[in-house]
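Visitor: Under our numbering, the first residue of the sequence shown carries the number 236, and numbering increases by one thereafter.
We treat Cβ as the ideally placed atom computed from N, Cα and C, and that holds for glycine.
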Amino acid sequence: MTAVLGTLAWLTLVVMFGAVVPVVPTGAAVSGAAALAAHQDPVTVLLVVLAGALGAYLGDLVVFAVLRWGGERIARRLRWLRGPQRLDRVAARVREGGGPMLLVSRLVPGGRLPVLLAAAMAGMTWRWFAVANLPATLLWSVLYALIGVLGRAIFPEPWQSVIAAIVLVLLVTQGLSRLGRRRPAPVHPPATP
Numbered sequence: 236m237t238a239v240l241g242t243l244a245w246l247t248l249v250v251m252f253g254a255v256v257p258v259v260p261t262g263a264a265v266s267g268a269a270a271l272a273a274h275q276d277p278v279t280v281l282l283v284v285l286a287g288a289l290g291a292y293l294g295d296l297v298v299f300a301v302l303r304w305g306g307e308r309i310a311r312r313l314r315w316l317r318g319p320q321r322l323d324r325v326a327a328r329v330r331e332g333g334g335p336m337l338l339v340s341r342l343v344p345g346g347r348l349p350v351l352l353a354a355a356m357a358g359m360t361w362r363w364f365a366v367a368n369l370p371a372t373l374l375w376s377v378l379y380a381l382i383g384v385l386g387r388a389i390f391p392e393p394w395q396s397v398i399a400a401i402v403l404v405l406l407v408t409q410g411l412s413r414l415g416r417r418r419p420a421p422v423h424p425p426a427t428p
């Protein structure tokens, strides 16, 4: 049991680090851990979900704090936010969408940071963010754990299901990322004087 708790603690730290430094494939870590857990003890999959959600939640809190502290300076340095209208549009969507917007941003590759920045710049309170982000991180963790469990259902060996889960997550993430880049930019009517 001690080994399982240690592994879950490491998973939480890896996901938290990946939420702060978004180059770590956190979804693949949760999927791989869930695939391995499903081979050993299916009840442990629930603990993997909770560890992944906790890591994502804590990482998001750190990112939200940094963005609230230096939001405007950070926003001015980002290429995709060079125009002030762009941040205003995203902030308005966050105010209108609230919690569901956080959920969608977690599931779309590269969508989480712009939404967190917009929420911070729109003046969202800590309390609102802390409450709204709980279901978003939990559902994110459940989704990626399910990918790992499906790998367990398909492959008889633990190493096969872990590799399949990681490859599937990376393929889906890359596909969604490329799809997002291929969408044409929205056309805005010229401003009237």
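Please tell me whether Ser-340 and Val-284 are closer than 8 Å, where the distance is taken between their beta carbons.
Guide: no
Visitor: Below 8 Å, how does it come out for the region 344 to 362 and the region 385 to 392: are there three or more Cβ pairs, yes or no?
Guide: no
Visitor: Taking the alpha carbon of Val-257 as the point to measure from, which residue in Ala-291, Leu-369, Gly-383 and Asn-368 has its own alpha carbon closest?
Guide: It is worth fixing the name first, because residue 257 is Pro in this sequence and not Val. Closest by alpha carbon: Ala-291.
Visitor: So the alpha helix (DSSP H) Pro-370 belongs to, where does it begin and stop?
Guide: 361 to 389
Visitor: Specify the secondary structure class of Asp-295 as computed by DSSP and reduced to three states.
Guide: helix
Visitor: So, with DSSP's three-state summary, where would you put Gly-346?
Guide: coil
Visitor: Taking the continuous alpha helix (DSSP H) assigned at Val-250, which residues delimit it?
Guide: 237 to 255
Visitor: Where Leu-381 and Ala-238 are concerned, what is the direct C-alpha to C-alpha distance, given to the nearest angstrom?
Guide: 23 Å
Visitor: Taking one C-beta from the region 261 to 271 and one from the region 296 to 306 each time, how about it: are there three or more such pairs within less than 8 Å?
Guide: no
Visitor: Are the CB atoms of Leu-338 and Leu-374 within a distance shorter than 8 Å?
Guide: yes
Visitor: Nearest to Leu-348 by CA position, among Val-384, Leu-302 and Trp-363, is which residue?
Guide: Leu-302
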